[in-house]
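Undergrad: Counting from 1 along the sequence shown, just add 1 to a position and that's the residue number in this note's numbering. Even for Gly, the Cβ is constructed at its ideal location relative to N, Cα and C.
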Amino acid sequence: MTYLNTCSLAPLALRVRAAHERFLDEWESLGASAWYELWMDALDALRGKVARVLGARTDEIALAPNVSVALSAVASALDYRERPRVVLSDLEFPTLAYQWAVKPGVERTFIGSDDGIRVPPERFEAAIDDRTAVVATSQVFYTSGAVQDIARIARGAHAHGALALIDAYQATGQLPTDVHAADIDILVTGGLKWLLGGTGIAFLYVRRSLVQALKPSIAGWFGNARMFDFDPKAFEFHDSARRFELGTTANAAIYAASAGLDIVLEIGVDRLRSRTSELVTDLVDRLTEAGYELKTPSTAEHRAGIVTVRMRDPAKAVRALASRKFIADYRHDRLRLSPYFYNTADDHARVVEGLRGVSPPIT
Ligand SMILES: Cc1ncc(COP(=O)(O)O)c(C=O)c1O
């Protein structure tokens with residue numbers, strides 16, 4: 002098949018499959034002692050790899066089973082009494098917006114998008130005020146592939162004493178991110194897309210000075226400084242971002258994520274970015290030439306590995322492409338194609354040809 006859907010779920014890498022098998026072998030041969038001999042160290046090794054890919058320190062990284070849980074832990078630590086507002090945009094993935102939909106006393110402000118592709122940064126700046134607790138937005142929009150200037154968003158938030166929280170799920174791996182240089186306060190991301198690691202694993206970054214200040218109001222024993230004391234009466238926040246972790250980890254997912262990250266770190270995010278940019282430009286050019294209307298930025302620097310095409314019936318186009326062995330997907334009014342380093346210009350030539358057969362451009 003031709004796989005053009007990394008922005009939903011990356012295809013299974015041989016090394017990731019081998020990591021799953023290694024986990025099963027260890028479970029089979031060591032049983033529970035694998036926790037002490039291997040798996041606690043594996044958690045720390047994974048935090049370290051995530052830190053490397055984000056330009057963070059290991060003690061600024063927490064593991065979670067998905068972004069919703071990571072967000073729930075960190076959002077439970079914010080004080081909304083003086084600052085009840087959360088600023089988001091219309092283009093966020095629902096996980097981010099839902100987090101505050103159900104919190105009593107929190108007001109969500111959504112910044113609109115004129116073209117359904119990007120959100121002008123000045124609109125964020127105009128919306129943030131001294132009652133804003135946090136600006137929560139994406140580094141790359143899942144609907145259009147547009148890249149946001151997260152350093153600028155952080156500056157806008159900090160000008161009013163608010164926090165900048167970035168959902169980098171569609172960025173980490175394919176786009177260089179330096180959380181310290183961009184002065185981000187909180188970042189969430191996960192394993193199943195551009196980090197090649199499969200389901201059941203997500204990551205939370207919290208700036209070191211903020212880790213100490215934030216006390217989540219949900220808890221689990223993995224967030225306790227002395228977890229192996231097993232004392233039900235004594236809870237002490239872990240000194241590091243581990244205070245945002247809750248209960249027992251899914252270790253198959255930990256192994257898989259670690260193997261996916263190894264591939265990303267070995268290639269290097271800068272090289273991945275330049276390869277993905279080349280591929281995206283190639284795909285954009287071919288689709289434009291074929292007469293399709295794109296919902297993706299027109300300039301290379303503002304787009305990441307997601308190309309979206311406006312369609313009357315994108316679900317039908319996805320099904321028709323699948324019957325020809327192309328894996329793509331759709332969101333809203335658009336087909337999404339998301340090439341990564343293993344794709345080629347030849348894949349693009351064939352998918353555009355296939356698309357012409359099943360869903361010609363809207364005239
Ligand atoms: C931008 C973005 N954020 C978050 C998620 C997923 O959130 P969760 O881990 O809560 O399922 C996705 C996609 O699955 C996404 O594209």
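Does any heavy atom of ligand 3 sit closer than 7 Å to the C-beta of Leu97?
TA: As presented, the structure is devoid of ligand 3, carrying ligand 1 as its sole ligands.
Undergrad: Distance check for Val352 and Val319, CA to CA, integer angstroms please.
TA: Near 11 Å, if we compare the C-alpha coordinates of Val352 and Val319.
Undergrad: How would you call Pro105, buried or exposed, if buried means at least 16 neighbouring beta carbons within 10 angstroms?
TA: exposed
Undergrad: In terms of alpha-carbon separation, which member of Glu123, Gly224, Arg304, Tyr170 lies closest to Asn67?
TA: Tyr170
Undergrad: Since Phe342 contacts Leu5 with CB under 8 Å, what's their CB separation in whole angstroms?
TA: That pair is no contact at about 13 Å.
Undergrad: On the DSSP bridge list, what partners appear for Tyr371?
TA: Here the chain covers residues 2 to 364 and nothing more, so residue 371 does not appear.
Undergrad: If we call anything under 8 Å between Cβ atoms a contact, is Gly174 one with Leu205?
TA: No. Outside cutoff.
Undergrad: Is the CB-CB distance between Phe111 and Leu89 below 8 Å?
TA: yes
Undergrad: For Ile307, does the three-state DSSP call read helix, strand or coil?
TA: coil
Undergrad: Does the distance from the C-beta atom of Val281 to that of Arg311 stay below 8 Å?
TA: Going by C-beta atoms, Val281 is not nearer than 8 Å to Arg311.
Undergrad: If I measure Cβ to Cβ from Val308 and keep anything under 8 Å in the same chain, skipping five residues before and after, which residues do I get?
TA: Gly146, Val281, Leu284, Val285, Leu288, Leu295, Thr297, Arg337, Leu338, Ser339, Pro340
Undergrad: For ligand 1, is there any heavy atom lying closer than 7 Å to the beta carbon of Gly201?
TA: no
Undergrad: How about Leu215 and Val70: do their beta carbons lie closer than 8 Å?
TA: Contact annotation: Leu215 and Val70 have beta-carbon atoms that are not nearer than 8 Å.
Undergrad: Taking the DSSP output, what are the residues bridged to Glu22?
TA: For Glu22, which the question treats as bridged, DSSP gives no partner whatsoever.
Undergrad: Can at least three beta-carbon pairs, one atom from the stretch 50-69 and one from the stretch 246-265, be found at a separation below 8 Å?
TA: yes
Undergrad: Could you pull the DSSP bridge partners for Val135 from this structure?
TA: As a beta-bridge residue in DSSP terms, Val135 pairs with Val87, Leu164.
Undergrad: To the nearest angstrom, report how far apart Ile268 and Glu237 are at their CA atoms.
TA: Here the alpha carbons of Glu237 and Ile268 stand approximately 40 Å from one another.
Undergrad: Tyr4 bridges to which residues according to DSSP?
TA: Residue pairing by DSSP puts Tyr4 in a beta bridge opposite Ile328.
Undergrad: Looking at ligand 1, does it come within less than 7 Å of Val136, judged from the CB to the closest heavy atom?
TA: no
Undergrad: Using 8 Å as the Cβ pair cut-off and three pairs as the minimum, do the stretch 182-197 and the stretch 222-242 touch?
TA: no
Undergrad: With a threshold of 7 Å, establish whether the CB of Ser360 neighbours any heavy atom of ligand 1.
TA: no
Undergrad: Should Ser77 and Ser241 be called a contact, given that it needs their Cβ atoms to be closer than 8 Å?
TA: no
Undergrad: Do the CB positions of Ala257 and Val103 come within less than 8 Å of each other?
TA: For Ala257 and Val103, no; Cβs fall outside 8 Å.
Undergrad: Can you check which of these residues, Asp116, Pro85, Gly117, is closest to Arg109 by C-alpha distance?
TA: Pro85
Undergrad: Assuming the contact rule is C-beta atoms closer than 8 Å, Gly306 and Cys8 should be a hit. Round their C-beta distance to whole Å, please.
TA: Indeed they touch by this definition, with Cβ atoms about 7 Å apart.
Undergrad: Using the C-alpha atoms, what's the distance from Asp150 back to Phe125?
TA: 11 Å
Undergrad: Under the rule that 16 or more other beta-carbon atoms within 10 Å means buried, what is Thr138, buried or exposed?
TA: Label assigned to Thr138: buried.
Undergrad: Nearest by alpha-carbon distance to Phe142: which of Thr190, Arg132, Glu83, Asp271 is it?
TA: Thr190
Undergrad: If you follow the alpha helix (DSSP H) that Glu354 is part of, which residue opens it and which one closes it?
TA: 346-359 is the span of the alpha helix (DSSP H), which, as asked, contains Glu354.
Undergrad: Would you please state the rounded distance, in angstroms, between the beta carbons of Leu92 and Val120? I believe it to be under 8 Å.
TA: 6 Å
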